[in-house]
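Participant: My structure is below; once you've seen it, I'll send some questions.
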């Protein structure tokens with residue numbers, strides 16, 4: 032159950048971080064204005080809070096593992112939000128990152 036909760040928190044964190052960065056991007060690069068930028072900043076702040084809800088207490092481990100989620104999530108976000116078409120190397124790299132995340136976060140440890 033802890034792995035399912037942790038995985039769900041990683042997904043929620045990714046939605047807020049990637050979504051927040053995308054909103055800031057839209058506000059600045061696509062000239063959509065300050066409301067988009069402000070919403071993005073708020074989402075990024077929420078992301079920072081969501082990361083603290085992970086059951087593991089090691090900040091470095093959580094953020095390192097989250098990096099794999101961020102890579103794969105960013106590709107998925109680009110596909111949905113911007114019509115990005117990843118090639119096989121993008122997909123391969125994302126899968127490697129997810130495998131690394133799983134090892135960092137969920138490998139058995141003798142504590």
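Numbering (the numbering used here), first residue to last: 32 to 142. No residue lacks a Cβ here, since even glycine has one placed at the ideal position from N, Cα and C.
1) Quick one: is residue 102 buried, meaning 16 or more other Cβ sit within 10 Å of its Cβ, or exposed?
2) Does the beta-carbon of residue 32 have 16 or more other beta-carbons within 10 angstroms, so that it is buried, or is it exposed?
3) Apply the 10 Å Cβ neighbour rule to residue 136 and answer buried if 16 or more other Cβ atoms are within range, or exposed otherwise.
4) Which two residues bound the contiguous alpha helix (DSSP H) that contains residue 36?
5) Check whether the segment 71–90 and the segment 106–125 are in contact - that is, three or more C-beta pairs closer than 8 Å.
6) Got a sec, what are the start and stop residues for the alpha helix (DSSP H) residue 76 sits in?
7) Tell me whether residue 45 is buried or exposed, calling it buried when 16 or more other Cβ atoms sit within 10 Å of its Cβ.
8) Going by the CB atoms, is the gap between residue 109 and residue 132 shorter than 8 Å?
9) Find the nearest neighbour of residue 70 within the set 82, 81 and 55, judged by alpha-carbon distance.
10) In whole angstroms, what is the alpha-carbon distance linking residue 94 and residue 60?
11) Can you tell me where the alpha helix (DSSP H) holding residue 98 begins and where it ends?
Facilitator: Reading from the atomic positions:
1) Under this definition residue 102 is a buried residue.
2) By the C-beta density criterion, residue 32 is exposed, having fewer than 16 other C-beta atoms within 10 angstroms.
3) When all chains shown are included, residue 136 counts as buried.
4) Start and end: 33–60.
5) Under the 8 Å Cβ criterion, the segment 71–90 does not count as touching the segment 106–125, having fewer than three qualifying pairs.
6) Counting along the chain, the alpha helix (DSSP H) containing residue 76 begins and ends at 65–82.
7) Buried, because 16 or more other Cβ atoms sit within 10 Å of the Cβ of residue 45.
8) Contact annotation: residue 132 and residue 109 have beta-carbon atoms that are not nearer than 8 Å.
9) Per the Cα distances, 55.
10) Residue 60 has its alpha-carbon roughly 27 Å from the corresponding atom of residue 94.
11) Per DSSP, the unbroken alpha helix (DSSP H) holding residue 98 starts and ends at 90–113.
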